[in-house]
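Trainee: First the structure, then my questions, so here it is.
In the numbering used here, the protein residues as written are 226 to 389.
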C-alpha cells in the first residue's frame, strides 16, 4: 500500500511500528486458523482491533487533540511526538503535520513493554531509548522518507482490512 487515507489524512507507518503489527497480525491469523470460535476473545486479537480503532477512530479524527500531547515522560526534546493511550498500559506513538495533512505512526508497545512506571521495560522508557538510538529518526523529512518506503513495501493482510 502507498498509504492509508482517513478523514483527509495520509497515514504512513514506520518500520518500527510495522514490525510490531506484522508479528501481532501473524499471531492473530494463526489463532483464527487454529481456534476459529475462540480467537476473537484472545488478548492478541483484542489488542490488534484496539490498535486499528485508535488509528481509525481517534488519531485520524483529530491527531492534534490535546489528550495526545506528551507530558514530560519522554523529555522536552521529544514533545513533538504524540501518544494515544489505550487498554490501560498501551501507547501508540506518532507524529503529524497539519501542513502536509500527514500522520506517521512510529511505534506501539506490546505485551513485553507495558506501561509500568519505573520498569526497565516501560513503554516510554523503551520508546525513549529507540528515539535516542535514531530509530525512528527525529528529523521529519527522514522519518517521512523512511515511513513512505516502509509503508509502500509492506503488506500485512489482516491489518486495517476488516478481515480479522
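All C-beta atoms in this analysis are idealised placements derived from N, C-alpha and C, irrespective of residue type, glycine included.
If you reduce the DSSP assignment to three classes, tell me which class residue 230 lands in.
Mentor: Along the chain shown, one-based indexing puts residue 230 at 5. Three-state DSSP puts residue 230 in a strand.
Trainee: Per DSSP, residue 316 is paired with what?
Mentor: As a first step, residue 316 is located in the chain shown; it is residue number 91 there, counting from the start. Paired residues: 310.
Trainee: Return the residue from the list 362, 316, 328 and 370 that minimises the CA-CA distance to residue 346.
Mentor: Taking the chain shown and counting its residues from 1, the one referred to as residue 346 is at position 121. Here the closest residue by C-alpha is 316.
Trainee: List, from N- to C-terminal side, the alpha helix (DSSP H) runs of 4 residues or more that fit wholly inside the stretch 347-378.
Mentor: Runs found: 348-357 and 365-378.
Trainee: Which same chain residues, not among the five before or five after residue 394, have their C-beta less than 7 Å away from its C-beta?
Mentor: Residue 394 cannot be examined here, being either before or after the span of the chain that is shown, 226 to 389.
Trainee: From residue 305 to residue 294, what distance separates their C-alpha atoms?
Mentor: For the purposes of this step, residue 305 is taken as the residue at position 80 of the chain shown. For the purposes of this step, residue 294 is taken as the residue at position 69 of the chain shown. Rounded to the nearest angstrom, the two C-alpha atoms are 8 Å apart.
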